[in-house]
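Asks: Below: one structure in structure tokens.
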Amino acid sequence: MKKHPDVLRNSCSIGSNTLECMNLLTEEELKLLNSKTLDVYYQKGEMICKQGTFASHVMILEEGLVKSFLEGNNDNLILQIFAPVNIIGLANLYEGSTIFHHSVQAYVDSRVSLVEMSAIKQTVLSNSKFASKMLSVLAEQKIITSGRFFCLTKKQTYGRLADVIICLANRIYKSPKFPLQLSRKDFAELSGMSVESIARIFTKFKADGLIDINNDYVEILDMEMLSMISQKG
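Its first residue numbered 1036, the sequence shown is counted upward by one per residue in the working numbering.
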């Protein structure tokens, strides 16, 4: 079977620190952004921004774990998971965009820096290297979203869950063993299946020696086989 490009596999989140762009700022630009920034603490399950509301700021996740998603009448579509340190809301930088096009919610207790949109736009206009980096981050986020859609529409249930597990290990926690901070319902949303299906596949993966899972953590025991399941979908 033809292998899918890496961008289409394990695509739940950007794996790198996107705040490297701050190294491109002058002292004056840093002072401007700092003066227009407010740190806010959000509890587990709390909404950070709501789809359709006025977009007055860009969000920088400093601590915690959050998800961005499209709200539907009955179900939500998870677009991406963000771990520290990541920038959220860059899509609203384009001219004419005045509302958030998706919602953001905290998976766990999180700290977010809210930076005024006008200050970000001013800095983008004055610093071409910073603007180029912002464009690169935005492009990577859009590629991740495309990978998510590919996973949800082209892969079977086993491949979708394998994809999410590998993404969490490689891109979020950067370890084959990571804390179980997401509920079965969260995994179901991420994988586009029912909670019952998630429980059944977790049990199967554990019985086959692919993972170990309990109430505290998930550990990948056979990355090669799990990756094969993810690739074949």
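Note that beta-carbon positions come from the ideal geometry of N, C-alpha and C, so glycine has one too.
Within the continuous alpha helix (DSSP H) that includes A1154, where are the two ends?
Replies: Within the sequence shown, numbered from 1, the residue matching residue 1154 stands at position 119. Segment M1152 to S1161, the alpha helix (DSSP H) holding A1154.
Asks: Would you tell me roughly how many angstroms separate the C-alpha atoms of L1269 and M1057, rounded to the nearest one?
Replies: Limits of the chain in this structure are 1036 at one end and 1268 at the other, which puts residue 1269 out of reach.
Asks: Just checking, does the segment 1127-1134 make contact with the segment 1069-1077 on the three C-beta pairs under 8 Å criterion?
Replies: no
Asks: Is the segment 1162-1173 touching the segment 1194-1202 in the sense that three or more CB pairs, one from each, lie closer than 8 Å?
Replies: Short answer: they don't touch.
Asks: My guess is that L1073 and L1149 are in contact by the Cβ rule of under 8 Å, so how many angstroms apart are they, rounded?
Replies: One-based indexing of the sequence shown puts residue 1073 at position 38. One-based indexing of the sequence shown puts residue 1149 at position 114. Sure, about 5 Å apart at Cβ, within 8 Å.
Asks: With DSSP run on the structure shown, which of helix, strand or coil describes D1074?
Replies: Along the sequence shown, one-based indexing puts residue 1074 at 39. DSSP places D1074 in strand when its eight states are reduced to three.
Asks: Along the beta strand (DSSP E) that carries K1239, what are the first and last residues, could you check?
Replies: Within the sequence shown, the letter at position 204 stands for residue 1239. Note, K1239: premise wrong, no beta strand (DSSP E); alpha helix (DSSP H) at V1230 to A1242.
Asks: At the level of alpha carbons, what is the spacing between D1257 and T1088?
Replies: What you label residue 1257 is simply residue 222 of the sequence shown in a count that begins at 1. What you label residue 1088 is simply residue 53 of the sequence shown in a count that begins at 1. Looking at the two C-alpha atoms, the distance is approximately 44 Å.
Asks: Measure the C-alpha to C-alpha separation of I1123 and S1181 and round it to an integer number of angstroms.
Replies: The sequence position of residue 1123 within the sequence shown is 88, counting from 1. The sequence position of residue 1181 within the sequence shown is 146, counting from 1. Distance between the alpha carbons of I1123 and S1181 is about 17 Å.
Asks: Is there contact between the segment 1099-1119 and the segment 1139-1154, where contact requires at least three CB pairs shorter than 8 Å?
Replies: yes
Asks: C1084 to H1136, Cα distance in whole Å?
Replies: Mapped onto the sequence shown, residue 1084 falls at position 49. Mapped onto the sequence shown, residue 1136 falls at position 101. Each residue's Cα considered, the two are about 10 Å apart.
Asks: Could you tell me the alpha carbon to alpha carbon distance between V1230 and K1212, rounded to whole angstroms?
Replies: The residue you call residue 1230 lines up with position 195 of the sequence shown. The residue you call residue 1212 lines up with position 177 of the sequence shown. Going from the Cα of V1230 to the Cα of K1212 covers about 22 Å.
Asks: Go to D1270, then tell me how far its beta strand (DSSP E) extends in each direction, as first and last residue.
Replies: Because the chain in this structure spans residues 1036 to 1268, residue 1270 falls outside the shown range and cannot be described.
Asks: Buried or exposed: where does A1223 fall if 16 or more other Cβ atoms within 10 Å of its Cβ makes it buried?
Replies: The residue given as residue 1223 occupies position 188 in the sequence shown. A1223 should be labelled buried.
Asks: Just to confirm my understanding: we take M1152, look at its own chain, exclude 5 residues before and 5 after, and list those with CB closer than 7 Å. What are they?
Replies: On the sequence shown, residue 1152 is found 117 positions in, with the first residue counted as 1. Excluding sequence neighbours, M1152 sits near A1090, S1091, H1092, V1093 and N1127.
Asks: Do L1054 and T1158 have their C-beta atoms closer together than 9 Å?
Replies: Reading the sequence shown from its first residue, position 19 is the one you call residue 1054. Reading the sequence shown from its first residue, position 123 is the one you call residue 1158. No; because the gap between Cβ atoms is not below 9 Å, this pair is not in contact.
Asks: Within a Cβ cutoff of 7 Å, which residues of the same chain sit near I1236, ignoring the five residues on either side of it in sequence?
Replies: For the purposes of this step, residue 1236 is taken as the residue at position 201 of the sequence shown. Cβ neighbours of I1236 beyond the five flanking positions: T1192, Y1193 and L1196.
Asks: Return the CA-CA distance between L1114 and E1062, expressed in angstroms with no decimal places.
Replies: Counted from its first residue, the sequence shown places residue 1114 at position 79. Counted from its first residue, the sequence shown places residue 1062 at position 27. Cα-Cα distance, rounded: 34 Å.
Asks: How long is the line joining the alpha carbons of L1187 and L1067, rounded to whole angstroms?
Replies: Mapped onto the sequence shown, residue 1187 falls at position 152. Mapped onto the sequence shown, residue 1067 falls at position 32. Cα to Cα, the separation comes out at about 41 Å.
Asks: With a CB to CB cut of under 6 Å and the five nearest residues on each side skipped, what residues in its chain are close to L1096?
Replies: The sequence position of residue 1096 within the sequence shown is 61, counting from 1. Within the same chain, L1096 has close Cβ partners F1117, P1119, N1121 and V1147.
Asks: Excluding the five sequence neighbours on either side, which residues of its own chain have a C-beta within less than 8 Å of the C-beta of L1125, listed in chain order?
Replies: Position 90 of the sequence shown, counting from 1, holds the residue named residue 1125. Cβ within range, chain order: V1093, M1169, V1172, L1173 and Q1176.
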